[in-house]
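Here's the structure we're looking at; comments come further down.
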Amino acid sequence: MENNIDPAIDEKSEGVAGSGCEVLVPFNERLPLREIERSIIKKHRKNIWSNFIKAIKEYELIKDGDKVAVAISGGKDSLLMAKLFQELKRHGQIKFEVEFVAMDPGYHKNIRELLIDNCEYLGIPLHIFDSGIFDIIDDIAKDYPCYMCAKMRRGALYSKAKELGCNKLALGHHYNDVIETTLINMLYAGSFKTMLPKLKSTNFDEMELIRPLYYVREKDIERFIQGSGIWPLNCACMVAAKKTSSKRHEIKQLVKTLKENYSEVDKSIFRAACNVNMDAILGWEKDGEKHSYLDFY
Numbered sequence: 128m129e130n131n132i133d134p135a136i137d138e139k140s141e142g143v144a145g146s147g148c149e150v151l152v153p154f155n156e157r158l159p160l161r162e163i164e165r166s167i168i169k170k171h172r173k174n175i176w177s178n179f180i181k182a183i184k185e186y187e188l189i190k191d192g193d194k195v196a197v198a199i200s201g202g203k204d205s206l207l208m209a210k211l212f213q214e215l216k217r218h219g220q221i222k223f224e225v226e227f228v229a230m231d232p233g234y235h236k237n238i239r240e241l242l243i244d245n246c247e248y249l250g251i252p253l254h255i256f257d258s259g260i261f262d263i264i265d266d267i268a269k270d271y272p273c274y275m276c277a278k279m280r281r282g283a284l285y286s287k288a289k290e291l292g293c294n295k296l297a298l299g300h301h302y303n304d305v306i307e308t309t310l311i312n313m314l315y316a317g318s319f320k321t322m323l324p325k326l327k328s329t330n331f332d333e334m335e336l337i338r339p340l341y342y343v344r345e346k347d348i349e350r351f352i353q354g355s356g357i358w359p360l361n362c363a364c365m366v367a368a369k370k371t372s373s374k375r376h377e378i379k380q381l382v383k384t385l386k387e388n389y390s391e392v393d394k395s396i397f398r399a400a401c402n403v404n405m406d407a408i409l410g411w412e413k414d415g416e417k418h419s420y421l422d423f424y
């Protein structure tokens, strides 16, 4: 499967777990569904809806005739993404179809029930399927399960999307994920590699992965979810439940600290991947082939 972080770094440091993840507490009771939906294009229009549309248009993420599988983990990002797709179907000019898919890798019964309840309340028609990935990972990759788990989860989602006749799989990675991935690769893997808004699958023919939340900031997602009164799934891992995603947490804190002195630093990191000067770098890789600036000196 496609991966945006060097495997050696991802495998050893991305031990994401329930005890290491921040819990979002709603500001109030769940709002009526119509009020939640209306807030997306009214209250949150500038920071969420407009940035969602910007990414779709700028990177041509969705085209007429597409059938998109929207991956629902039950977390804050995917729940918002699902509602954005519904609003796009309702108000947009693109003629496309959408399916909402949720993979249960082996969640605790209460976690699965929360996922289903949230989707039912939010009016998200869900295709939920079992994969048993947690049991497999716990057996074959006990020490560093997260990298292998991510690959298997992605593969299971692609398979389900293809089964439903979809040609695209939408994941809920957001603006902050892009920045953090870029810095993790630079600081821990010694490579300049970022998270792309779309890419073609290398394992599933004619399938494409898209990231419609590419320009949406995490803080705005949190405000929407909390203001809606939704309790999203926290990390529901049953394998690495006592570990934390230490490297990603370190990067989050680093960016937060840097912003204290330069409020636009996150924008600069994001833009860096758009402004690579090929005349001023030592080397690069293209289509699996490595090049040095000396080759063109």
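In the working numbering, the protein residues as written are 128 to 424. Built from N, CA and C at the ideal position, the CB exists for glycine as well.
- Query: Excluding the five sequence neighbours on either side, which residues of its own chain have a C-beta within less than 6 Å of the C-beta of GLU247, listed in chain order?
  - Reply: None.
- Query: Span of the beta strand (DSSP E) holding GLY410?
  - Reply: Bounds of the beta strand (DSSP E) holding GLY410 are 410-413.
- Same chain, Cβ closer than 7 Å to GLY292, five either side skipped, listed in chain order: The residues are LYS194.
- Message: If you measure between the beta carbons of GLN353 and PRO153, is that distance less than 7 Å?
- Response: Closer than 7 Å, so yes.
- Secondary structure at MET334, three-state DSSP: helix, strand or coil? Note: MET334 maps to coil in three-state DSSP.
- Task: Buried or exposed for VAL143, please, with buried defined as at least 16 other CB atoms from any protein chain shown within 10 angstroms of its CB.
- Result: Confidence at VAL143 is low in this model, with a pLDDT of 35, below 50, so its placement is unreliable and no value can be given for it.
- Task: Can you grab the Cα-Cα spacing for the pair LYS473 / SER390, in whole Å?
- Result: In the structure as shown, the chain begins at 128 and stops at 424. Residue 473 is therefore absent and cannot be evaluated.
- Query: Can you list, in chain order, the residues of its chain whose CB lies under 8 Å from that of SER419, leaving out five sequence neighbours each side?
  - Reply: Cβ neighbours of SER419 beyond the five flanking positions: LEU409, GLY410.
- Message: Looking only at its chain, what residues have a beta carbon closer than 7 Å to the beta carbon of LEU242, apart from the 5 residues adjacent to it on each side?
- Response: Sequence-distant partners of LEU242 (beyond 5 residues in either direction) whose C-beta falls short of 7 Å from its own C-beta, in its chain, are GLY201, ALA229, LEU360.
- Return the CA-CA distance between LEU421 and ILE306, expressed in angstroms with no decimal places. Cα-Cα distance, rounded: 30 Å.
- Task: Check LEU253 in the structure and name its three-state DSSP category.
- Result: In the structure shown, LEU253 sits in a strand (DSSP, three-state: E or B).
- Query: ASP191 by DSSP, collapsed to three states: which one?
  - Reply: Coil.
- Query: How far does the beta strand (DSSP E) with SER200 in it reach, from first residue to last?
  - Reply: Here SER200 belongs to no beta strand (DSSP E), and DSSP marks it neither H nor E.
- Item | 8 Å CB neighbourhood of LYS190 in its chain, flanking five on each side removed | The residues are ILE221, PHE223.
- Message: Comparing C-alpha positions only, which one of ARG375, VAL225, PHE212 sits nearest to ALA316?
- Response: It is ARG375.
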